[in-house]
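Asker: Numbering (my numbering), first residue to last: 3 to 214. Backbone N, C-alpha and C define an ideal beta-carbon position, used for all residues, glycine too. This structure is in C-alpha cells; I'll ask about it shortly.
Next up, the structure:
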C-alpha cells in the first residue's frame, strides 16, 4: 500500500521533470511578494524495530515573503506552524500496542526560488524548526491515553532540507513540498528509548494567496 508521503515525493519529482522539460516564458515576476499559506501534512518517522508505521496526517499554516534577486531567482523565507510525527506498532517485552507521536513545530524555511515564467517556480533550501510541544497517544497493553512528553527528551531544534514547487493562478497558489530532517529528534529519556536516531520527514500540499 502506498503511503501519502510517497505520493507527495513522487508528485514533486514528476512535476519538476515536467516543468524542466518545457521552455520557460521569457518574462518572470520580478517584484516582491508577501502572502499567507496553509495545507495538509503527511509526516513520518523512520523508526527501527517496529512492526508497522503509519503517517500522521496534520497541517501547516503561516506566512511567506519573496524577495527577487534577479528576474528569475528569488529568496523566499517563511514562518510556519507545522505538525509532524507518526504512529508505530511496538511488540516489546513490557509493551505491546500503538504509539502515536505528535510533534508540533514553529518552522522557518529559507528557499532559493527559480522562476519558470509567471506561473511556476521551483524551490530548494534549508529549514530550521523549534519544537513547541510533543505528546504520545498510547493504545496498548497498559490501556489508552494521551500524555505530554517532557521537552527535555527531545532536541528542541530540528533542521533539514526542503524542496518543491509552486504553481500560481493569478494571486492564488498551489504547492507541493518534501522536507527531510537531518537532526535526530530525540535526545534523552523515553523519547530516545522509543525513537532512537529517528529524523523527521514530511510531505506538504499547500494552498496560498499573495497579498500584493
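1) Using CA coordinates, which residue listed in 135, 48 and 162 is at the minimum distance from residue 152?
2) From the DSSP output, in three-state form, read off residue 181 for me.
3) Is the stretch 71 to 79 touching the stretch 113 to 130, taking contact as three or more C-beta pairs under 8 Å?
4) Who pairs with residue 113 in a beta bridge, going by DSSP?
5) Leaving out five residues before and five after residue 213 in sequence, what residues of the same chain have Cβ atoms less than 6 Å from its Cβ?
6) How about residue 202 and residue 140: are their beta carbons less than 8 Å apart?
7) Of the choices 70, 65 and 54, whose alpha-carbon is the least far from that of residue 83?
8) To the nearest angstrom, how far is it from the Cα of residue 187 to the Cα of residue 91?
9) Starting from residue 71, trace the alpha helix (DSSP H) both ways and give me its first and last residue.
10) Across which residues does DSSP place residue 89 in a beta bridge pair?
11) Which same chain residues end up closer than 7 Å to residue 69 when comparing Cβ atoms and leaving out the 5 residues on each side of it in sequence?
12) Can you tell me where the alpha helix (DSSP H) holding residue 195 begins and where it ends?
13) In this structure, does DSSP put residue 152 in helix, strand or coil?
14) So what does residue 39 bridge to, in DSSP terms?
15) Compare the Cα-Cα distances from residue 167 to each of 159, 176, 161 and 160 and report the closest residue.
16) Hey, quick one: how far does the beta strand (DSSP E) through residue 166 stretch, first residue to last?
17) Using only alpha-carbon positions, find the residue among 197, 183, 104 and 39 that is nearest to residue 2.
18) Please state the DSSP three-state secondary structure of residue 120.
19) Tell me residue 44's beta-bridge partners as DSSP assigns them.
20) In angstroms with no decimal places, state the Cα-to-Cα distance between residue 159 and residue 32.
21) State the Cα-Cα distance for the pair residue 105 and residue 191, rounded to the nearest angstrom.
22) Report the rounded CA-to-CA distance for residue 62 versus residue 109, giving the unit in angstroms.
Answerer: This is what the structure holds:
1) 135
2) strand
3) yes
4) 78
5) 36 and 37
6) no
7) 65
8) 19 Å
9) No alpha helix (DSSP H) holds residue 71; DSSP gives it neither H nor E.
10) 56 and 102
11) 34, 76 and 77
12) 191 to 197
13) coil
14) 64 and 210
15) 176
16) 159 to 171
17) The question about residue 2 has no answer here: the residues shown for the chain are numbered 3 through 214.
18) coil
19) 59 and 205
20) 34 Å
21) 16 Å
22) 10 Å
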